[in-house]
Amino acid sequence: MIEAAIAWLFSVFAISKIGLTAVFVISFVSATLLPMGSEPAVFAMIKANPELFWLTIFVATVGNTLGGMLNYFIGYEAKQTFAKERKSPWFGWLERYGAKTMLLAWLPIIGDPICAVGGWLKLPALPCMLYMAIGKFLRYLVMTYLLLSVPEGFWHGIASWLG
């Protein structure tokens, strides 16, 4: 189901035609609480346009950070929803380390909720955004580097297997 949704999204945004705009939108949407990853779009863009490596990483980081900030502001306004969870150790950890916890916003599954909880705790927005951006930038840089390190024959094998 998720694969079909991602395939549909890629066809709608036609990554080869729209390029950086698609990377931005996909990175933004994937940072929200929706279950979607942006790494395939970033990798596809860089693989098709190696000269846009740094610009693509930057655009993905900005889109993903802004999506994280959307979660932050949703959490900021959702105080009543989380009120009963306030006593959990998770909240104590976030309160103790403050905005620095946003460095973990890149993590799968828990990263997006961390942003929302940071807003709920009313952690300062600018430091949260900066720490989010640092974590997300490092994730895109490492993930893209690792994907580009995979031998070309591997990708051709996957392409032929997919048909």
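Take the sequence shown: its letters are residues 0 to 162, numbered as in numbering that gives the first Met the number 0. The beta carbon of each residue, even a glycine, is placed where N, CA and C say it ideally should be. Since the structure is predicted, the reported quantities are computational estimates derived from the model, not experimental observations.
Check: Ranges of the alpha helix (DSSP H) found wholly within the stretch 68 to 134, counting only runs of at least 4; Outcome: 78 to 81, 88 to 96 and 110 to 119
Check: Cα-Cα separation, Y96 to W53; Outcome: 31 Å
Check: Where M44 falls: helix, strand or coil (DSSP); Outcome: helix
Check: Beta-carbon spacing of S26, N63 below 8 Å; Outcome: yes
Check: Inter-residue Cα distance where the pair is F153 and M44; Outcome: 18 Å
Check: Cβ pair count under 8 Å reaching 3, the stretch 109 to 128 against the stretch 139 to 156; Outcome: no
Check: Alpha carbon of F23 to alpha carbon of F57, nearest angstrom; Outcome: 9 Å
Check: Buried or exposed by the 16-neighbour rule on C-beta atoms within 10 Å, applied to S29; Outcome: buried
Check: For S37, the three-state DSSP class (helix, strand or coil); Outcome: coil
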